Structures are given as structure tokens and as C-alpha cells.
Amino acid sequence: MKKAAAFIFVIIISLNCLSQELQLFPTNWFTGFKNSKLQLIIHKEGVANEVPMYKLTPAGMKLADGITMKMVHRVENPNYLFLDLVIDKTAKPGVRNIKLGRLNFQYELKAKNTANGKTRVLVDRRRAE
Numbered sequence: 079m080k081k082a083a084a085f086i087f088v089i090i091i092s093l094n095c096l097s098q099e100l101q102l103f104p105t106n107w108f109t110g111f112k113n114s115k116l117q118l119i120i121h122k123e124g125v126a127n128e129v130p131m132y133k134l135t136p137a138g139m140k141l142a143d144g145i146t147m148k149m150v151h152r153v154e155n156p157n158y159l160f161l162d163l164v165i166d167k168t169a170k171p172g173v174r175n176i177k178l179g180r181l182n183f184q185y186e187l188k189a190k191n192t193a194n195g196k197t198r199v200l201v202d203r204r205r206a207e
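Here it is, written out as C-alpha cells:
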């Protein structure tokens, strides 16, 4: 019985720790798109309190090589933060380290697929007939 109680306690603590991890949506983005704008959603317990208020100019604030922050949107829920970003046309693929106040995270820019207009989804041709 003691082992079962200890096991359940460890599971509950582990789940609590996992829920405090930083989550980014989308998890990565791509270079070379015509539309260079991206809205990044950040989810973490109390994330709005970790990022200070920024007074941004129309040019924005450079966060990392090839990434500029244009605006920060705060919502009623302090566990979410929305960043309006612009990915430079000349940005190279790779992982960027981004620091916003006490919040540090890595964000990956991947190379755009060169097969323009080609789908990457397998289609079941039998259904099309």
C-alpha cells in the first residue's frame, strides 16, 4: 500500500512539473515565405509576469538573427502571451536563442520546402475514382 501511495504521489508531482513547461505554437517556422509575419503563442504558468512591458517602435525590437518582434499581446489569462513577429527575408534556417525578460527559449527556423505547390500528403487514389 505504501508503494502504491508513493507511486501515485510521484506521478502527481511529475504531472505538475510537466504542466509548467514552456509551450510554443507553432513549434517552429520556415524561412523564405512571401508573408513574413508570424504570431507566436507562448503558454506557461505565469508567463505574462515573466515578460516585461516593452515600448516598441514601429520598426520593432530585434529578438534574434532574422527575427523582429513587432508587438506583444497580453490577454486576461496570465498563462498566455502572443508575440507578433516578422521573419526577415534574408533569415537563414537554424535555432535561435530568444530572451524576453526572465523568459528564455529556443526557436527553430527551418528551410522552406523547395517543391513549390506540391503537396506532402499521400493521397489515396482509389477514393478519387
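Residue numbers (our numbering): 79 to 207. All residues carry an ideal CB built from backbone N, CA and C; glycine is no exception. These figures come from a predicted structure and were not determined experimentally.
Proximal residues to residue i (C-beta, below 6 Å), its chain only, five neighbours per side dropped
| i | result |
| --- | --- |
| G138 | T146, M147, K148 |
| R152 | A126 |
| A142 | R174, I176 |
| Q184 | V173, N175 |
| D166 | G144 |
Strand pairing of residue i, partner residues [DSSP]
| i | result |
| --- | --- |
| L178 | L181 |
C-alpha distance - residue i paired with residue j, whole-angstrom precision
| i | j | result |
| --- | --- | --- |
| K190 | L178 | 27 Å |
| Q101 | A169 | 23 Å |
| P104 | V125 | 17 Å |
| P130 | N106 | 24 Å |
| L93 | N155 | Reliability fails at L93, whose pLDDT of 46 lies under 50, so the model's placement of it is uncertain and no value is given. |
| K112 | E99 | 32 Å |
CB of residue i within 8 Å of CB of residue j, strictly
| i | j | result |
| --- | --- | --- |
| V173 | S114 | no |
| L161 | L118 | yes |
| T109 | L187 | yes |
beta-carbon residue i near the ligand GTP non-hydrogen atom, thresh 7 Å
| i | result |
| --- | --- |
| N106 | Questions concerning the ligand GTP fall outside what the structure shown contains, since it holds no ligand whatsoever. |
Residue i - containing beta strand (DSSP E), residue span
| i | result |
| --- | --- |
| N127 | No beta strand (DSSP E) holds N127; the alpha helix (DSSP H) holding it covers 125-128. |
| L100 | Taken as a continuous stretch (DSSP letters only), L100 belongs to no beta strand (DSSP E), as it is neither H nor E. |
Neighbourhood of residue i by C-beta distance below 7 Å, restricted to the same chain and skipping five residues each side
| i | result |
| --- | --- |
| L159 | I120, V125, A126, V129, V150, R152 |
Close-in-space but distant-in-sequence residues of the same chain around residue i (CB under 8 Å, 5 per side omitted)
| i | result |
| --- | --- |
| N157 | H121, K122, E123, G124, V125, A126 |
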